[in-house]
Amino acid sequence: MNFNNETYFHINFDDPFTRVPNTILDNENLSYSAVGVVTQMLRFQRSGSHKVYAKSLISYRKDSKTKVSNALKELMQEGFVIRTQIRDEKGQMKGYRYDIFDTPQNVNSESVEMTESQPCAVFPTPVKPEAGKTEVGETGSRQNRGREIGNIKENSIKKKIGLKENDVITTVIAEQSEKNKTVYIKKYYESYIGVITPNNFLQLLTYLDNGMEADVIIRAVDEAVGSGVKNYKYVKTILNNWIEAGVKTVLELTEYQNEFERKKKSKQEKKQSNNKAVNTHNVNKNKFANFNQTFTQYEEKELDEIIKKSQKEKFK
Numbered sequence: 242m243n244f245n246n247e248t249y250f251h252i253n254f255d256d257p258f259t260r261v262p263n264t265i266l267d268n269e270n271l272s273y274s275a276v277g278v279v280t281q282m283l284r285f286q287r288s289g290s291h292k293v294y295a296k297s298l299i300s301y302r303k304d305s306k307t308k309v310s311n312a313l314k315e316l317m318q319e320g321f322v323i324r325t326q327i328r329d330e331k332g333q334m335k336g337y338r339y340d341i342f343d344t345p346q347n348v349n350s351e352s353v354e355m356t357e358s359q360p361c362a363v364f365p366t367p368v369k370p371e372a373g374k375t376e377v378g379e380t381g382s383r384q385n386r387g388r389e390i391g392n393i394k395e396n397s398i399k400k401k402i403g404l405k406e407n408d409v410i411t412t413v414i415a416e417q418s419e420k421n422k423t424v425y426i427k428k429y430y431e432s433y434i435g436v437i438t439p440n441n442f443l444q445l446l447t448y449l450d451n452g453m454e455a456d457v458i459i460r461a462v463d464e465a466v467g468s469g470v471k472n473y474k475y476v477k478t479i480l481n482n483w484i485e486a487g488v489k490t491v492l493e494l495t496e497y498q499n500e501f502e503r504k505k506k507s508k509q510e511k512k513q514s515n516n517k518a519v520n521t522h523n524v525n526k527n528k529f530a531n532f533n534q535t536f537t538q539y540e541e542k543e544l545d546e547i548i549k550k551s552q553k554e555k556f557k
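Our numbering applies: residue 242 is where the sequence shown begins, and numbers increase by one.
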């Protein structure tokens, strides 16, 4: 690609989608990889209660664990991401949590120990904040986020950077109640598809009642919009297909879609291989087709005479 001519990029979709703060985009110390990773984490910023796990984050793209870990290092060095320990009631560490901020936080870069990134393994279930507190602190103010995040104090920030077995990545949004989730789903649906009838909306909420994450329903809306079929019936069909496949969480959906793409690719390759074999067979068959047809028009005696005459001419 020639970057010196008038080549430019045009956005062919309407706002709003995932919003990335300009403070992140304008930071020249962040690589495209780091910007991509934080954008993926911000994909669910409006869903409130959603937690993005390191294992799930890595599964979204083909990038290696080391590459994602290095991107997180950059974000932490610039103050857009702060990592804190999560401990249970007995004080035992249960994992880590990454909090994302729209402006750089005052983190002493010298206190951050640069180490080789380590691979991700198995990750735990979400750790909920104390009752009555949100993931951005009791008031949810920007100042509070830097001093106290839920029940995790800023002096508990871990110095060693790198993905560990118990790493947890969370978007820093206030915890949503069930009521807020339904409002969010309705608002999102009507923003991208259109007004939803009361009966259809109640049907949509039954997926929540059956244990499906709100963000999976949002992904179904995205699928419908992306396919150009903006109606409730299509969204419902998508959700029913996912239910039949045992998909209820975002992680399960990502794994299901990745497996679907792998099978689709394998099927296409097999079809191409079979077509190649059939075409080769047809070429070989047609090569001698005229030869066989030429001699079937003669009787045995006539054929003998032709062969004998041919031999006489050949050995004169």
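Here a beta-carbon is modelled for each residue, glycine too, at the ideal position from N, C-alpha and C.
All of these numbers come straight from a predicted model, not from anything done at the bench.
Quiz item: DSSP beta-bridge partners for Gln326?
Solution: Tyr337
Practice problem: Count the other C-beta atoms from every protein chain shown that fall within 10 angstroms of the C-beta of Glu315, then say buried if there are 16 or more, exposed otherwise. | Solution: buried
Quiz item: If we call anything under 8 angstroms between Cβ atoms a contact, is Ser274 one with Lys308?
Solution: yes
Self-check item: Of the listed residues Lys428, Tyr339, Pro439, nearest to Ile327 (C-alpha basis)
Solution: Tyr339
Self-check item: Runs of alpha helix (DSSP H) wholly within the segment 457 to 511 (minimum 4 residues, chain order)
Solution: 473 to 485
Quiz item: In whole angstroms, what separates the C-alpha of Tyr473 from that of Ile437?
Solution: 8 angstroms
Exercise. Would you kindly check if the distance between the Cβ of Glu464 and the Cβ of Ile484 is under 8 angstroms?
Key: no
Self-check item: Three-state secondary structure assigned by DSSP to Ser382
Solution: Its pLDDT being 36, under 50, Ser382 is placed unreliably by the model, and nothing is read from it.
Quiz prompt | Own chain partners of Lys427 with C-beta closer than 7 angstroms, once the 5 adjacent residues on each side are dropped | solution = Ile437, Phe442
Practice problem: Report the three-state DSSP secondary structure of Glu546 (helix, strand or coil). | Solution: helix
Quiz prompt | Span separating the alpha-carbon of Arg503 from that of Lys331 | solution = 44 angstroms
Quiz prompt | Extent of the continuous alpha helix (DSSP H) run through Asn311 | solution = 306 to 318
Quiz item: Glu543: buried (16+ other C-beta within 10 angstroms of its C-beta) or exposed?
Solution: exposed
Quiz item: Among Leu313, Lys303, Ile299, which has the Cα closest to the Cα of Val276?
Solution: Leu313
Quiz prompt | Per-residue DSSP class, three states only, for Thr438 | solution = coil
Practice problem: Could you tell me whether the segment 447 to 460 touches the segment 503 to 517, where touching means 3 or more Cβ pairs closer than 8 angstroms? | Solution: no
Quiz item: Do Asp343 and Thr280 have their C-beta atoms within less than 8 angstroms of each other?
Solution: no
Practice problem: Measure the alpha-carbon distance for Ile299 versus Asn270 and round it to whole angstroms. | Solution: 22 angstroms
Quiz item: To the nearest angstrom, how far is it from the Cα of Thr447 to the Cα of Tyr429?
Solution: 17 angstroms
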